[in-house]
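Trainee: Dropping a structure here in C-alpha cells format, bear with me for questions.
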Amino acid sequence: MIENLIDLEEVSTDKLETIIKLAGEIKNDPDKYKESCRGKILATLFYEPSTRTQMSFQAAMMRLGGNTIGFDNPMNSSVAKGESLKDTVKIISGYADIIAMRHPAEGAARAASMFSDAPIINAGDGGHLHPTQTLTDIVTLYNEVGRLDHLKIGLCGDLKNGRTVHSLIKTMSHFEGNEFILVSTPDLEVPGYIKSILKASGCRYSELYNLNEAMPVLDVLYMTRIQRERFSSEEEYKRQSGIYVLDTKKLSLGKGSLKVLHPLPRVDEITSDVDKDPRAVYFKQAVYGMYARMALIYLMLNKPVEKKAQRHITENRVHKCDNPSCITRREPYLPNAFKNSGDMLTCLYCDNRMLI
Ligand code: CP
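Quick note, the working numbering runs 429 ahead of the 1-based positions in the sequence shown.
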C-alpha cells in the first residue's frame, strides 16, 4: 500500500517519536545507514523556490545511498507547456520510488497523492502546511530543549501565511501542557481553523501584538518571515514588514534557557548579531532538518510510516472551495470534496472553511 506524508495529523505521536529517535541515531552513526536506500530514487518536484527543503532532501537521499532526480523550476519542465499536476505526478511516479513536492497552491500535495504510484511527501503547499519543516522543528526541540511537552511556545510574524507555523501548532498541540503565545498584527493572525484546533485540543493560547511582553515567559521563540509572495500587492506587504525584529536588546528580555528557532530564510526579522547568542539555534535547526528527512525517507521506503486514518476524497458536486489559493481552483479536473460539520464545510485539500 502507498503511504504518503501530506499532513502530520495523519502520523501518530508514537511514530513521530520513532522519527525523532531515528534522526538522532542516523546523526550519531551515519555509516550504519549509508547504503540503506541504495538503488532507490527520490524525485524533488519544486514548483516554488527553496534552498533548505530541496537540498536537504537531496542530501538526505544521497547520504542514504540513493539517487535523486527532479526540477527546481517548473518552467524548465513540461509544466511550461501546460502539463497538469495529475499528469506530471503520474509520469514521475513511474521513474522514482518517492516524491517530495513543493507547490504554491494549498492542497497540492493531497491532490498529487491521488494520482501518484509512489509515496508523496508534502514539502510545502502554499500557505497551508509544511510537515517536514515540523519534523525538523521537533527534532531540534527534542535535542536542544530536551522535551516536547510543557513548553511556552511563542510564534511571531506572519502567522496567517506561514505554513511552518500551522504545521508546528497542529503537531505541538498533541503534546501535553504546551501553551502558545501568538504574536502578530491583527491582519496576520493564525487562520480560524488553527484556532479551532487549539480550542479542541484544550491547549492554552493567547494573542499579542507586542513581542516584548511575551519574551520573559517563553521557553521557545519561533520567529517567521513576512511571506512577501503571499500578498496581493507590494503596498500590503510593506504595511506588515519590519514590525517584528528580534535584536540583541529584545533577546535580553528572554530567559537564559530560551531557544530561538526560525525555519529560514530570514529577511530582516532577526538581526545578524543575534546569531552569536547560544540561544539562537536556527542554523543548527537547518542541519537537524537533513537528519529528520533521512529518517523519514528511510522509514517510508523501508517500512511504511504507520498512519492514522487518511482523508478519503468523495466528490461534492454542489459546492466549490472559495479559497482562491486552493489547488482545486488551478486544476479543474479535481473533484471538490469537503468535511461537513453543522453549517460548515471544510475543504479536504486546503482546510478552508466555508459557511453553507
Ligand atoms: N524552511 C524552508 O522551507 O526553507 P526553504 O524555503 O529554503 O526550503
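Glycine is no exception: its CB is placed at the ideal position from the N, C-alpha and C atoms. Here the structure is a predicted model, which means the values were calculated and not measured.
1) Give the single residue among L637, D526 and L680 whose Cα lies nearest to the Cα of I498.
2) Using the three-state DSSP reduction, which class does E573 fall into: helix, strand or coil?
3) Among N572, C755, Y634 and T569, which one has its Cα closest to the Cα of F609?
4) Less than 8 Å between the C-beta atoms of E618 and K589, yes or no?
5) Based on the DSSP output, what are the partners of C755 in its beta bridges?
6) Report buried or exposed for M430, applying the criterion of at least 16 other Cβ atoms within 10 angstroms of its Cβ.
7) By Cβ distance below 7 Å, which residues in the same chain neighbour R531 in space, the five residues on each side in sequence not counted?
8) Residues in the same chain with beta-carbon distance under 6 Å from R659, minus the five sequence neighbours each way, listed in chain order, please.
9) Please work out which residues of its chain come closer than 7 Å, Cβ to Cβ, to L784, disregarding the five sequence neighbours upstream and downstream, and give them in chain order.
10) My assumption, with CB atoms under 8 Å, is that L580 sits in contact with V649. Please give the rounded CB distance.
11) Measuring from each Cβ to the nearest heavy atom of the ligand CP, keep the ones under 7 Å and list them in chain order.
12) Grouping DSSP H, G and I as helix and E and B as strand, with all else coil, what is A724?
13) Below 8 Å on the Cβ atoms is my guess for M719 versus A529; work out the distance and round it to an integer in Å.
14) By the three-class DSSP mapping on this structure, what secondary structure does I742 have?
15) So D566 and Q714 are in contact, right, with Cβ under 8 Å, and what is the actual spacing, rounded?
16) Among residues of its own chain, excluding the 5 on either side of M729, which ones have a beta-carbon nearer than 8 Å to its beta-carbon?
17) Can you list, in chain order, the stretches of the alpha helix (DSSP H) that have 4 or more residues and sit fully within the stretch 457 to 529?
18) Taking just the CA atoms, how far does P692 sit from P753?
19) Distance, Cα to Cα, S522 vs K456?
20) Per DSSP, E608 is paired with what?
21) Taking 7 Å as the cut-off, is the C-beta of G575 nearer than that to any heavy atom in the ligand GTP?
22) Taking the alpha-carbon positions, what's the A709 to L777 distance?
23) Would you kindly work out how many angstroms separate the C-alpha atoms of K667 and E464, rounded to a whole number?
24) Starting from the C-beta of E372, find all residues in its chain whose C-beta is less than 6 Å away, skip the five residues before and the five after it, and write them out in chain order.
25) For V689, which residues in the same chain have their Cβ closer than 6 Å to its Cβ, ignoring the five residues on either side in sequence?
26) In angstroms with no decimal places, state the Cα-to-Cα distance between I672 and L627.
27) On the criterion of 16 or more Cβ atoms from any shown chain inside 10 Å, does G685 qualify as buried, or is it exposed?
28) E744 and P764: beta carbons closer than 8 Å?
29) Quick one: give me the first and last residue of the beta strand (DSSP E) that Y778 is part of.
30) Going by C-alpha distance, which of R657, D501 and K749 is nearest R472?
31) Exposed or buried, what is E698 when buried is set at 16 or more other beta-carbons lying within 10 Å of its beta-carbon?
32) Where do the ends of the alpha helix (DSSP H) carrying N641 lie?
33) Let's test the definition: count the other Cβ atoms within 10 Å of the Cβ of V440 and tell me whether it reaches 16, buried, or not, exposed.
34) On the three-state DSSP scale, how would you describe V703?
Mentor: Here's the rundown:
1) Translated into positions along the sequence shown, residue 498 becomes position 69. Taking only the C-alpha atoms, the option nearest I498 is D526.
2) Taking the sequence shown and counting its residues from 1, one reaches residue 573 at position 144. In this structure, E573 counts as helix in the three-state DSSP scheme.
3) On the sequence shown, position 180 is the one that residue 609 refers to. Checking every option, the nearest Cα to that of F609 belongs to Y634.
4) Reading the sequence shown from its first residue, position 189 is the one you call residue 618. Reading the sequence shown from its first residue, position 160 is the one you call residue 589. Yes, these two residues count as a Cβ contact at 8 Å.
5) Looking up residue 755 in the sequence shown gives position 326. Answer is E535.
6) As a position in the sequence shown, residue 430 is number 1, starting the count at 1. Bear in mind that a pLDDT of 37 at M430, under 50, signals an unreliable position, so the model cannot answer this.
7) If you number the sequence shown from 1, residue 531 lands on position 102. F475, Y476, E477, S479, T482, A552 and G553.
8) Within the sequence shown, residue 659 is the residue found at index 230, counting from 1. Contacts found: G556 and N590.
9) Along the sequence shown, one-based indexing puts residue 784 at 355. So the list reads D772 and M773, once near-sequence residues are dropped.
10) Here residue 580 is taken as the residue at index 151 of the sequence shown, counted from 1. Here residue 649 is taken as the residue at index 220 of the sequence shown, counted from 1. With a Cβ gap of about 6 Å, L580 and V649 count as contacting.
11) P478, S479, T480, R481, T482, Q483, G553, H559, Q562, T593, P692, L693 and P694
12) In the sequence shown, counting from the first residue as 1, residue 724 sits at position 295. A724: helix per DSSP, three-state reduction.
13) Taking the sequence shown and counting its residues from 1, the one referred to as residue 719 is at position 290. Taking the sequence shown and counting its residues from 1, the one referred to as residue 529 is at position 100. Between A529 and M719 the Cβ distance is about 13 Å, and since that is not below 8 Å, they are no contact.
14) Residue mapping note: residue 742 aligns to position 313 of the sequence shown, counting from 1. Of the three classes helix, strand and coil, the one that applies to I742 here is coil, per DSSP.
15) In the sequence shown, residue 566 corresponds to position 137, counting from 1. In the sequence shown, residue 714 corresponds to position 285, counting from 1. So it is a contact: roughly 7 Å between Cβ atoms.
16) Locating residue 729 in the sequence shown gives position 300, where the first residue counts as 1. The answer, listed in chain order, is E432, L434, I527, P548 and I550.
17) 481 to 492 and 514 to 521
18) Against the sequence shown, residue 753 aligns to sequence position 324. Against the sequence shown, residue 692 aligns to sequence position 263. Distance between the alpha carbons of P753 and P692: 25 Å.
19) Counted from its first residue, the sequence shown places residue 522 at position 93. Counted from its first residue, the sequence shown places residue 456 at position 27. Looking at the two C-alpha atoms, the distance is approximately 29 Å.
20) In the sequence shown, counting from the first residue as 1, residue 608 sits at position 179. K581 and R633.
21) With respect to the ligand GTP, the structure shown offers nothing to examine, as its ligands consist of the ligand CP.
22) As a working mapping, residue 709 is identified with position 280 in the sequence shown. As a working mapping, residue 777 is identified with position 348 in the sequence shown. The straight-line gap from Cα to Cα measures roughly 37 Å.
23) Position 238 of the sequence shown, counted from the start, is the residue given in the question as residue 667. Position 35 of the sequence shown, counted from the start, is the residue given in the question as residue 464. Near 49 Å, if we compare the C-alpha coordinates of E464 and K667.
24) Because residue 372 is not part of the residues shown, which for the chain are 430 to 785, the question remains open.
25) Position 260 of the sequence shown holds residue 689. Same-chain partners within the cutoff: L650, R708 and A709.
26) Looking up residue 672 in the sequence shown gives position 243. Looking up residue 627 in the sequence shown gives position 198. Approximately 26 Å, taken between the alpha carbons.
27) The residue you call residue 685 lines up with position 256 of the sequence shown. Answer is exposed; the Cβ neighbour count stays below 16.
28) Here residue 744 corresponds to residue number 315 of the sequence shown, with the count starting at 1. Here residue 764 corresponds to residue number 335 of the sequence shown, with the count starting at 1. Taking 8 Å as the Cβ cut-off, E744 and P764 qualify as a contacting pair.
29) Within the sequence shown, numbered from 1, the residue matching residue 778 stands at position 349. Unbroken run through Y778: none, as it is neither H nor E.
30) Taking the first residue of the sequence shown as position 1, residue 472 is located at position 43. For the record, residue 472 in the displayed sequence is Ala; it is not Arg. Checking every option, the nearest Cα to that of A472 belongs to D501.
31) Position 269 of the sequence shown, counted from the first residue, corresponds to residue 698. Looking at its Cβ environment, which holds 16 or more other Cβ atoms inside 10 Å, E698 is buried.
32) Translated into the one-based positions of the sequence shown, residue 641 becomes position 212. Run containing N641: L640 to A643, per the alpha helix (DSSP H) assignment.
33) Mapped onto the sequence shown, residue 440 falls at position 11. Result: buried.
34) On the sequence shown, position 274 is the one that residue 703 refers to. Helix.
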